[in-house]
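Listed below in structure tokens is the structure:
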């Protein structure tokens with residue numbers, strides 16, 4: 010049996026089968042404090058300048074809402090008084106009035122603005138001086154705009170909903186506290202779907218149970234949607250011909266029923282009725298649909314497999330990877346390139362005769378280290394991507410990393426391997442340039458050295474920084 014790779018802290022190494030089996034069954038460890046509460050620290054700023062221990066607002070039964078907001082933001086200024094009123098009434102009358110706390114996470118441009126704005130709030134705040142903690146929280150919850158209200162379980166730190174603003178503002182009496190989103194099955198209980206040709210109604214859950222469900226958020230007025238729909242039609246035809254238990258559901262973003270019906274006629278699967286706007290809105294919120302087309306893939310028990318089904322289908326025209334479960338390493342595409350913004354990413358550009366050979370090299374070099382790194386603490390932050398040297402996306406990423414002057418030039422011969430870390434260091438490490446072998450052993454060692462800080466400071470993205478061995 011081939012040796013395996015395990016990661017222990019900052020070190021990834023090859024082990025034999027016996028040690029790998031032992032590593033797979035570790036001794037129980039003490040429960041670690043949730044990352045979000047580590048970031049918040051020991052205390053928060055309370056009204057009137059008081060210090061509020063974080064331990065007093067966390068624990069079993071507690072609910073914590075992180076309120077990302079700023080004085081200069083008009084939508085924030087509109088929502089803050091509404092939230093303050095709801096919060097005050099909750100603290101006065103609700104049966105669980107001791108269980109909810111809001112924490113203001115400021116995006117104000119200076120401390121004076123923060124103090125003025127926080128003076129209008131009856132809850133706690135992350136001290137303005139903790140700018141690094143604020144940045145970490147924004148990254149942790151992928152906050153792209155404000156106001157955002159992220160509601161957390163106060164014991165585990167797990168996200169209850171990132172759509173807290175909508176949940177709270179539509180429930181001023183807090184009857185739905187702590188606003189856990191309903192499951193897909195709960196949302197669809199009693200719903201019907203309509204067939205594209207006849208308009209005949211069928212019970213939704215009866216149609217979907219026991220199948221992989223593809224929820225297709227789309228609209229006729231959206232050009233990218235109209236381009237993707239034929240691809241999805243072809244994919245569904247192939248899956249059904251292969252006997253796969255799969256069903257798609259069109260969730261329309263059309264502005265009128267006639268437009269929806271015309272667009273639906275080009276599909277081979279049922280749709281949520283245009284009139285069922287409440288379920289439509291709840292599905293969009295439940296799966297955090299920010300743009301269309303979006304394809305959400307659910308398993309036979311209605312658990313999410315991926316919310317990036319569009320890219321999965323587009324990059325797998327033969328549907329050989331159905332139902333497209335996330336993999337430890339992925340092919341570099343326009344969509345997966347976004348991983349570079351989320352955490353450290355190892356990008357491997359393979360110089361081979363063709364795409365198939367490139368995938369074989371990438372699998373040999375990345376599979377074990379990617380799986381081991383993602384299984385280790387902090388592994389969810391990592392990404393592992395590969396591309397063939399001839400692909401335009403590979404040229405663009407290496408140009409972004411500063412390995413070539415621009416994406417129009419021919420790439421140098423040979424494999425290229427880099428670690429790019431945008432959110433933490435805004436830097437890149439040229440592994441091939443450091444003599445790292447493009448192999449499972451070589452890349453495992455590079456990841457270990459990076460995690461241990463042994464690769465040096467890297468080269469600043471967009472700058473001339475150093476990337477020399479220390």
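Residue numbers (the numbering used here): 10 to 479. Even glycine gets a Cβ: it sits at the ideal position worked out from N, Cα and C.
**Request:** With residue 104 as the anchor, note down where its alpha helix (DSSP H) starts and where it stops.
**Result:** Run containing residue 104: none; DSSP gives neither H nor E here.
**Asked** Where does the unbroken alpha helix (DSSP H) through residue 77 begin, and where does it stop?
**Response** Per DSSP, residue 77 belongs to no alpha helix (DSSP H); it is in the beta strand (DSSP E), 72-78.
**Request:** Using beta-carbon positions only, say whether residue 76 and residue 156 come within less than 9 Å of one another.
**Result:** yes
**Prompt:** Is it right to say residue 87 is buried, meaning 16 or more other beta carbons lie within 10 angstroms of its own, or is it exposed?
**Reply:** exposed
**Item:** Bounding residues of the alpha helix (DSSP H) (the contiguous stretch that carries residue 177)
**Value:** 173-178
**Request:** Entirely within the stretch 348-390 and at least 3 residues each: give me those beta strand (DSSP E) ranges in chain order.
**Result:** DSSP runs (the beta strand (DSSP E)) wholly in the stretch 348-390: 354-359.
**Message:** Taking 8 Å as the cut-off, does the stretch 132-139 touch the stretch 47-57 (at least 3 CB pairs, one atom from each stretch)?
**Reply:** Three or more pairs of CB atoms, one per stretch, sit closer than 8 Å, so the stretch 47-57 contacts the stretch 132-139.
**Prompt:** Taking Cβ to Cβ, would you say residue 303 is nearer than 9 Å to residue 319?
**Reply:** In this structure, residue 303 lies near residue 319, with their beta-carbon atoms less than 9 Å apart.
**Asked** Which residue comes first and which comes last in the beta strand (DSSP E) that contains residue 261?
**Response** Residue 261 -> beta strand (DSSP E) spans 255-261.
**Prompt:** So, are the CB atoms of residue 242 and residue 202 less than 9 Å apart?
**Reply:** no
**Prompt:** Quick one: what does DSSP say residue 58 is sitting in, helix, strand or coil?
**Reply:** If DSSP states are grouped into helix, strand and coil, residue 58 belongs with the helices.
**Prompt:** Do the CB positions of residue 315 and residue 337 come within less than 9 Å of each other?
**Reply:** No, they are not a contact pair.
**Asked** Are residue 176 and residue 163 close, meaning C-beta to C-beta below 9 Å?
**Response** No, the Cβ-Cβ distance between residue 176 and residue 163 is not below 9 Å.
**Request:** Whole angstroms is fine: what's the gap from residue 161's alpha carbon to residue 169's?
**Result:** 5 Å
**Prompt:** Should residue 340 go down as buried or exposed, given a rule of 16 or more other Cβ atoms within 10 Å for buried?
**Reply:** Residue burial is scored here from C-beta neighbours: residue 340 has at least 16 other C-beta atoms within 10 angstroms and is therefore classed as buried.
**Pairwise C-alpha distance: residue 44 and residue 38** = Reliability of the predicted coordinates at residue 38 is poor, the pLDDT of 47 falling under 50, and the value obtained from them is presented with this limitation in mind. Going from the Cα of residue 38 to the Cα of residue 44 covers about 16 Å.
**Prompt:** By Cβ distance, which residues of its chain are closer than 8 Å to residue 90, with the 5 residues on each side in sequence left out?
**Reply:** So the qualifying residues of the chain are 129.
**Asked** Looking at the unbroken alpha helix (DSSP H) that takes in residue 297, where does it start and where does it end?
**Response** No alpha helix (DSSP H) holds residue 297; DSSP gives it neither H nor E.
**Prompt:** Checking contacts by CB at 9 Å: is residue 418 closer than that to chain D?
**Reply:** You won't find chain D in this structure, because it holds only one protein chain.
**Asked** Near residue 35, what residues of its chain come up, given a Cβ to Cβ distance below 8 Å and the 5 sequence neighbours on each side ignored?
**Response** Only weak support is given to the placement of residue 35: the predicted model assigns it a pLDDT of 49, under 50, and the value that follows is read from those uncertain coordinates. Take residue 35, set aside five residues on each side of it, and no residue of its chain has a beta-carbon closer than 8 Å to its own.
**Request:** State the DSSP-derived secondary structure class of residue 214, mapped to helix, strand or coil.
**Result:** helix
**For residue 370 and residue 81, the rounded distance between their alpha carbons** = 51 Å
**Asked** Does the Cβ of residue 326 have 16 or more other Cβ atoms within 10 Å, making it buried, or fewer, making it exposed?
**Response** exposed
**Prompt:** At what residue ranges does the stretch 79-161 contain a whole run of the alpha helix (DSSP H), taking only runs of 4 or more?
**Reply:** 83-102, 120-127, 140-149
**Asked** Which residues in the same chain have their Cβ closer than 6 Å to the Cβ of residue 121, if we skip the five residues on either side of it in sequence?
**Response** none
**Asked** Who are residue 439's beta bridge partners in DSSP?
**Response** 427
**Request:** Please look up how many angstroms separate the CB atoms of residue 192 and residue 311, rounded, as I've assumed it's under 8 Å.
**Result:** 7 Å
**Request:** Can you say whether residue 441 is buried or exposed, counting buried as having 16 or more other CB atoms within 10 angstroms of its CB?
**Result:** buried
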